[in-house]
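Last residue of the sequence shown: 318 in this note's numbering, with the numbers rising by one and none dropped.
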Amino acid sequence: MNLIICQSPLQILIAEKIIATYPNDVFYGLMICCIENSKYQYYYQRLKSKCEKCELIYTHKPYKKWAFYKLVFKRLFKLHNLSQVKKIFLTNTTAEIMQIYIGDAKNADIITFDDGLANINIEDNFLIRERPLRSRTKFLQYFMRIPTVKDILAKQVKHYSIYNLPNIMGKYEKISLFETPNYEQDYNEVVNILLGQPIYENSKNGEQRNIALIEKVFTNYHIDFYYPHPRENYKINQAPYINTKLIFEDWIIQQTQKYPQKQYRLYTFFSSAAINLIDMPNIEVIALNPKDCPENFLPLYTIFKKLNIEVRNINY
3 MNLIICQSPL
13 QILIAEKIIA
23 TYPNDVFYGL
33 MICCIENSKY
43 QYYYQRLKSK
53 CEKCELIYTH
63 KPYKKWAFYK
73 LVFKRLFKLH
83 NLSQVKKIFL
93 TNTTAEIMQI
103 YIGDAKNADI
113 ITFDDGLANI
123 NIEDNFLIRE
133 RPLRSRTKFL
143 QYFMRIPTVK
153 DILAKQVKHY
163 SIYNLPNIMG
173 KYEKISLFET
183 PNYEQDYNEV
193 VNILLGQPIY
203 ENSKNGEQRN
213 IALIEKVFTN
223 YHIDFYYPHP
233 RENYKINQAP
243 YINTKLIFED
253 WIIQQTQKYP
263 QKQYRLYTFF
273 SSAAINLIDM
283 PNIEVIALNP
293 KDCPENFLPL
303 YTIFKKLNIE
313 VRNINY
């Protein structure tokens, strides 16, 4: 049996492709959610349909403490025995809930896969960096032998990546999210779509700044549709929203199949969804770099340039 752990809808898309490469293996699925909404539920059901068993754990308030103590209880009384697991597929090696969960699978090989742009942001090792330990984590590592980041990486035997770029996990095997269609035709319509990004969410007056930025982009780039970021809590009044239970990659692929005569021009600030789609022949990606973009996001524009994506510096 194999265990595959996902924490986002994108990871479930990748997980579906990974599971398909092991047609003779039985999979147990785990989805760890920090958000509770219909989109996450939809993708959890997709993961569940690919696995013999599947479990959903919420880690946001008010579930956070309950999820932690429930897992500790299960470990203490061996209510979920993972000793038969041969392979564990995961993304973020630092998540405490995940570390507790896999602690019993001591003999399993670790196979990692991409979490998103963080994997190709070589200047940051967020996904594999040991964090300052809380007292309870030190206790668990000592008395319950839950694995550390170092322990997990020592057992890693493979990494799957959806990008053709150096990866913080080292050597990788490429896996494609979508089959690339061969469209050989002239497009009779261009559809401009802006992907939302809460750029200033950690800044003073962040919501107002995000709204002002997006409204200016709408005006200057003649945007037809707006796909909001899951963390957005604000509304863009002038924007025709794309309302769907699908993540953007799934939605846009369906649109290109339905309307192959259209070209889709994606404007983004630094969305991983845009990068995930650059191999599609009828999709063009343009990255917009605001003049006061927070410094911690600037390395992402270097990644865009490495992928030959046009980056436009905007003066607002």
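By construction, the Cβ of each residue, glycine as well, lies at the ideal position given by its N, Cα and C atoms. Keep in mind that this is a model prediction, so the values were computed, not measured.
Where V151 is concerned, there is no enclosing beta strand (DSSP E), although the alpha helix (DSSP H) around it starts and stops at 151-156. In the DSSP assignment, L32 falls within the beta strand (DSSP E) that extends over 29-35.
At a Cβ-Cβ threshold of 9 Å, L12 and A275 count as neighbours.
The beta carbon of R233 sits closer than 7 Å to those of P200, E203, all from its chain and outside the five residues before and after it, given in chain order. For the pair L129 and T95, the CB atoms are nearer than the 9 Å cut-off. With a threshold of 16 other beta carbon atoms within 10 Å, D281 falls short and is exposed.
Of the residues assessed, T61 falls on the buried side of the cut-off, its CB having 16 or more other CB atoms within 10 angstroms.
When the alpha-carbon of L92 is set against those of I14, N245, L248, the nearest one is in I14.
If you look at V219, you'll find it isn't in any beta strand (DSSP E); it sits in the alpha helix (DSSP H) that goes 208-223. Take the alpha-carbon of F227 and the one of T114: they are about 35 Å apart. The Cβ atoms of I20 and I34 lie no closer than 9 Å to each other. For D111, the secondary structure class from DSSP, reduced to helix, strand or coil, is strand. In this structure, the beta-carbon distance from Y30 to C53 falls below 9 Å.
Distances from the CA of R314 to each of N298, Y103, I288 were compared; the closest alpha carbon is that of I288.
If you ignore the 5 residues before and after I37, its C-beta comes within less than 8 Å of the C-beta of H62, P232, all in its own chain and listed in chain order. By a beta-carbon distance limit of 8 Å, N278 contacts E251. Their separation comes to about 5 Å.
K41 carries a helical assignment under DSSP once its states are collapsed to helix, strand and coil. A straight line joining the alpha-carbon of I90 with that of L179 spans about 20 Å.
In the DSSP assignment, T258 falls outside any beta strand (DSSP E) and lies within the alpha helix (DSSP H) extending over 250-260.
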